[in-house]
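Student:
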Amino acid sequence: MSENTWMIIAVIIYFGMMLAIGYYGWRKTTKYGDYVIGGRDLPAFVAGISAGASDMSGWLLMGLPGALFVSGMSELWIVIGLFLGAWANWQWVAPRLRAYSEVSNNSITLPSFFENRTHDQTRALRITAAIIIIFFFTFYVSSGMVAGGRYFESTFKGDYLWGMLIVGAITVVYTFVGGFFAVSYTDVAQGVLMFLALLIVPIMALFALDNAGDIFSYPVDNPYGPHEEGNPTFFNFFAGVSAATIIGNLSWGFGYMGQPHIVTRFMALRSPSEAREGRNAGMIWVGICYIGSVFTAIVGASYFGTTQHSVTDREGFETIFLDMTYLLFHPLFAGLVLTAVLAAIMSTMSSQLLVTSSALIEDLYRGFAKKELTGPGLLIASRGMVVLIAVIAVLMALNPSDTILGLVGFAWAGFGAAFGPVVVASLFWRRLTAPGALACMIVGAVTVLVWGYVPATSDLIYEMVPGVLFATIAMVVVSLATTPKPESEAEFDRAGQVFDYAMEHPEQSFDDALEHTAR
0 MSENTWMIIA VIIYFGMMLA IGYYGWRKTT KYGDYVIGGR DLPAFVAGIS
50 AGASDMSGWL LMGLPGALFV SGMSELWIVI GLFLGAWANW QWVAPRLRAY
100 SEVSNNSITL PSFFENRTHD QTRALRITAA IIIIFFFTFY VSSGMVAGGR
150 YFESTFKGDY LWGMLIVGAI TVVYTFVGGF FAVSYTDVAQ GVLMFLALLI
200 VPIMALFALD NAGDIFSYPV DNPYGPHEEG NPTFFNFFAG VSAATIIGNL
250 SWGFGYMGQP HIVTRFMALR SPSEAREGRN AGMIWVGICY IGSVFTAIVG
300 ASYFGTTQHS VTDREGFETI FLDMTYLLFH PLFAGLVLTA VLAAIMSTMS
350 SQLLVTSSAL IEDLYRGFAK KELTGPGLLI ASRGMVVLIA VIAVLMALNP
400 SDTILGLVGF AWAGFGAAFG PVVVASLFWR RLTAPGALAC MIVGAVTVLV
450 WGYVPATSDL IYEMVPGVLF ATIAMVVVSL ATTPKPESEA EFDRAGQVFD
500 YAMEHPEQSF DDALEHTAR
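Just so you know, we're using numbering that gives the first Met the number 0 here: the sequence shown kicks off at 0 and counts up by one.
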């Protein structure tokens, strides 16, 4: 059989596994709440791996190795910021959000939590949050479509459009059918594939080198990829980067607090006390994946520099992981390893499609509709919105004008600035008001849009930094100028009591914590 045939067999096996998990999710999904948030019955280990896998996308196996390959270790400030941000998110946001979201009228989406937390009766807060989700997630899903197309270009030497359509279609099918359960459990399977692939590929490439010990000196002194005379500053963390760039890259970490597809996993945990186990599983997984991604770039410089092989993507060099896998392994095994890239792409896309669908139905439709849909009607409508968003993302990705990292960075900053300060303030600041939260979201989103698209400002610092700064100032000033509702303050105190009891009695169910504190 030809190489392509072997690899197609591997991809078909992978697609079959994803669809089987989608069917499992469909069997477990009987209510609208199951489709959106899994009935708040997500095991801690699943939540930890799922949150990481839904976060990483094709960026981990394509965008990050490509950026490191081109620029060197100065790109690692993003990784440092993300790792610290992920830990802080699990440590402080996850357990409190799990408790507060249920105390606050059993909120099952982030926009509904903002509305219920501040007791906003105008619907303005919920609708604005939903619009922001739909706007930025369309860019985010589009980045996944771009990654899928480039995957097929590099792996099968195939057509970008067909690759994008195939990856998008399979992702839509299992998200459409299985909802939150399918998305979360496929994330775990995909996370395991990503984890193993990022260990195996750089190690095997290392064994393929004649002088493996030279990997830390080769890119400095020898030509490779975009560098005709080597890159003397490859291992210099500060080369070519200003203090503003370092601050901007580290600021990626704060973006975690505002990512709806990640914090939804926190809301779906069985209890706040399980956040600790989820944190441990997620941080071990992501830490090892980062190490594998970094070494893919380091070893890749020597591998492509000392062999006659070249990287398929000659602009962003975002296909080095794909190309090394294709060259190093038997086509069947290479196909199985390369499904890790599909896993990264599809795990993120599925989470984003589901959250966007929820925003359209739960937060927009139900906010405006005069006629309330029934449970089955809500399921049908949510599934329909998954297809709609996917179609729009495909149209945007037909002629990609940016790198995968660029698309992800824009959407990440949008959510981090618009939602991050509101999430933190909702959980830790009793004085937050609905007008303050609304001002924060609008100022954060507009700042990212303007800053990111005006060359004079976008070159100064990553738009996340001014976005979070201006959004926080707006939130604090407007909240202090307005009066929080008494019921909002009373609920804040109740949520704190529930959280404390749940954390002190991890052996009890969360329902017990609710019942005990209600006495």
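Beta carbons: idealized from backbone N, C-alpha and C, even for Gly.
1. Ala296 and Leu67: beta carbons closer than 9 Å?
2. Under 9 Å, do Leu359 and Ala43 count as touching if we go by C-beta distance?
3. Can you have a look at Asp54 and say buried or exposed, based on whether 16 or more other CB atoms are within 10 angstroms of its CB?
4. Looking at the structure shown, is Leu337 part of a helix, part of a strand, or coil, going by DSSP?
5. So, are the CB atoms of Asp186 and Ser349 less than 9 Å apart?
6. Look up His504 in the DSSP assignment and say whether it is helix, strand or coil.
7. Could you check if Gln307 is buried or exposed, using at least 16 other CB atoms within 10 Å of its CB as the buried criterion?
8. Where DSSP assigns a beta bridge to His226, which residues make up the other side?
9. What are the partner residues of Leu268, as DSSP defines its beta bridges?
10. Among Tyr289, Leu327 and Ile20, which residue has its Cα nearest to the Cα of Ala207?
11. At the level of alpha carbons, what is the spacing between Ala455 and Trp161?
12. Spatial neighbours of Ala238 within its chain, please: C-beta separation below 6 Å, excluding the five flanking residues on both sides.
13. Can you list, in chain order, the stretches of the alpha helix (DSSP H) that have 4 or more residues and sit fully within the segment 250-305?
14. Return the first residue and the last residue of the alpha helix (DSSP H) that Asn115 is part of.
15. Which word fits Gln189, buried or exposed, when buried means at least 16 other C-beta atoms lie within 10 angstroms of its C-beta?
16. Hey, could you find the ends of the alpha helix (DSSP H) Gly451 is sitting in?
17. Is the segment 421-433 in contact with the segment 140-159, if contact means three or more CB pairs nearer than 8 Å?
18. Between Gly21 and Gly177, which are expected to be in contact by the criterion C-beta below 8 Å, what is the C-beta distance as a whole number of angstroms?
19. Would you mind working out which of Ala470, Pro434, Val182 and Arg313 sits nearest Trp25, comparing C-alpha positions?
20. With a 10 Å radius around its C-beta and 16 neighbouring C-beta atoms as the bar for buried, classify Glu314 as buried or exposed.
21. Is the number of C-beta pairs between the segment 248-268 and the segment 326-345 that are closer than 8 Å three or more?
22. For Ile12, which three-state DSSP category applies?
23. Where does Thr347 fall in DSSP's three states?
24. Is the beta carbon of Leu426 less than 9 Å from the beta carbon of Val293?
25. Kindly indicate which three-state DSSP category Ser70 falls into: helix, strand or coil?
26. Return the residue from the list Gly257, Met266 and Pro271 that minimises the CA-CA distance to Trp411.
27. Suppose you measure from the CA of Gly277 to the CA of Leu195; what does that come to, to the nearest Å?
28. How big is the Cα-Cα spacing for Pro485 and Val407?
29. Cβ of Val336 less than 9 Å from any chain D Cβ?
30. So Gly224 and Val69 are supposed to be a Cβ contact under 8 Å. How far apart are they, rounded?
31. Measure the alpha-carbon distance for Phe135 versus Gly212 and round it to whole angstroms.
32. Counting Cβ pairs, one atom from each stretch, are 3 or more of them under 8 Å apart for the segment 489-506 and the segment 94-106?
33. Out of Tyr452, Leu468 and His329, which one is the CA nearest neighbour of Ser1?
34. Inspect the beta-carbon positions of Ala128 and Ala417 and report whether they are closer than 9 Å.
35. Can you list, in chain order, the residues of its chain whose CB lies under 6 Å from that of Ala52, leaving out five sequence neighbours each side?
36. Pop quiz: Ile131 and Met440 are said to be a contact at Cβ under 8 Å. What is the actual Cβ separation, rounded to whole angstroms?
Tutor: The relevant details are as follows:
1. Position 297 of the sequence shown holds residue 296. Position 68 of the sequence shown holds residue 67. Yes, the pair counts as a contact, with Cβ atoms nearer than the cut-off.
2. As a first step, residue 359 is located in the sequence shown; it is residue number 360 there, counting from the start. As a first step, residue 43 is located in the sequence shown; it is residue number 44 there, counting from the start. Remark: C-beta atoms of Leu359 and Ala43 do not approach each other more closely than 9 Å.
3. Within the sequence shown, residue 54 is the residue found at index 55, counting from 1. The residue in question, Asp54, is buried, as its Cβ has 16 or more Cβ neighbours within 10 Å.
4. Stepping through the sequence shown from its first residue, residue 337 is reached at position 338. It is helical.
5. Here residue 186 refers to the residue found at position 187 of the sequence shown. Here residue 349 refers to the residue found at position 350 of the sequence shown. Cβ atoms of Asp186 and Ser349: closer than 9 Å.
6. The sequence position of residue 504 within the sequence shown is 505, counting from 1. Collapsing the DSSP output to three states places His504 in coil.
7. What you label residue 307 is simply residue 308 of the sequence shown in a count that begins at 1. Gln307 is exposed by the Cβ-count criterion.
8. Numbered from its first residue, the sequence shown carries residue 226 at position 227. In the DSSP secondary-structure assignment, His226 is bridged to Tyr223.
9. On the sequence shown, residue 268 is found 269 positions in, with the first residue counted as 1. Among the bridge pairs identified by DSSP, Leu268 is matched with Leu41.
10. Numbered from its first residue, the sequence shown carries residue 207 at position 208. Answer by Cα proximity: Leu327.
11. Looking up residue 455 in the sequence shown gives position 456. Looking up residue 161 in the sequence shown gives position 162. Roughly 37 Å separates the two Cα atoms.
12. Counted from its first residue, the sequence shown places residue 238 at position 239. Taken in chain order, the residues that qualify are Ser73 and Thr232.
13. Counting only runs of 4 or more, we get 259-267 and 274-305.
14. Counting from one through the sequence shown, the residue named residue 115 turns up at place 116. Note, Asn115: alpha helix (DSSP H), Leu109 to Thr117.
15. Here the question's residue 189 lines up with position 190 in the sequence shown. So Gln189 ends up on the buried side.
16. Position 452 of the sequence shown, counted from the first residue, corresponds to residue 451. Unbroken alpha helix (DSSP H) run through Gly451: Ala433 to Tyr452.
17. Counting Cβ pairs under 8 Å, fewer than three are found: no touch.
18. For this step, residue 21 is matched to residue 22 along the sequence shown. For this step, residue 177 is matched to residue 178 along the sequence shown. The Cβ separation is near 4 Å, so the contact holds.
19. On the sequence shown, position 26 is the one that residue 25 refers to. It is Val182 whose Cα lies nearest to the Cα of Trp25.
20. Start at 1 with the first residue of the sequence shown, and residue 314 comes out as number 315. By the neighbour-count rule (16 or more Cβ atoms within 10 Å), Glu314 is not buried but exposed.
21. The answer is no - the segment 326-345 does not touch the segment 248-268, with fewer than three Cβ pairs under 8 Å.
22. Taking the first residue of the sequence shown as position 1, residue 12 is located at position 13. Of the three classes helix, strand and coil, the one that applies to Ile12 here is helix, per DSSP.
23. In the sequence shown, residue 347 corresponds to position 348, counting from 1. Here Thr347 sits in helix by DSSP.
24. For this step, residue 426 is matched to residue 427 along the sequence shown. For this step, residue 293 is matched to residue 294 along the sequence shown. No. Outside cutoff.
25. What you label residue 70 is simply residue 71 of the sequence shown in a count that begins at 1. It is helical.
26. Stepping through the sequence shown from its first residue, residue 411 is reached at position 412. The residue among Gly257, Met266 and Pro271 with its C-alpha nearest the C-alpha of Trp411 is Gly257.
27. To locate residue 277, count along the sequence shown from 1; it is residue 278. To locate residue 195, count along the sequence shown from 1; it is residue 196. As the crow flies, the alpha-carbon of Gly277 is around 20 Å from that of Leu195.
28. Position 486 of the sequence shown, counting from 1, holds the residue named residue 485. Position 408 of the sequence shown, counting from 1, holds the residue named residue 407. Counting only the Cα atoms, Val407 lies some 40 Å from Pro485.
29. Going by chain labels, chain D is absent from the structure shown, which holds only one protein chain.
30. For the purposes of this step, residue 224 is taken as residue 225 along the sequence shown, with counting starting at 1. For the purposes of this step, residue 69 is taken as residue 70 along the sequence shown, with counting starting at 1. About 7 Å separates the beta carbons of Gly224 and Val69, which is inside the 8 Å limit, making them a contact pair.
31. As a first step, residue 135 is located in the sequence shown; it is residue number 136 there, counting from the start. As a first step, residue 212 is located in the sequence shown; it is residue number 213 there, counting from the start. Taking the straight line joining both Cα atoms gives about 44 Å.
32. For the pair of segments examined, the segment 489-506 was found to touch the segment 94-106: the number of CB pairs separated by less than 8 Å reaches three.
33. For the purposes of this step, residue 1 is identified with residue 2 of the sequence shown, where counting begins at 1. Across the set Tyr452, Leu468 and His329, the C-alpha of His329 shows the shortest separation from the C-alpha of Ser1.
34. The residue given as residue 128 occupies position 129 in the sequence shown. The residue given as residue 417 occupies position 418 in the sequence shown. Yes, the Cβ-Cβ distance between Ala128 and Ala417 is below 9 Å.
35. For the purposes of this step, residue 52 is taken as residue 53 along the sequence shown, with counting starting at 1. Cβ neighbours of Ala52 within its own chain (closer than 6 Å, five residues either side excluded): Asp186, Gln189, Gly190 and Ser346.
36. Stepping through the sequence shown from its first residue, residue 131 is reached at position 132. Stepping through the sequence shown from its first residue, residue 440 is reached at position 441. Confirmed, about 6 Å.
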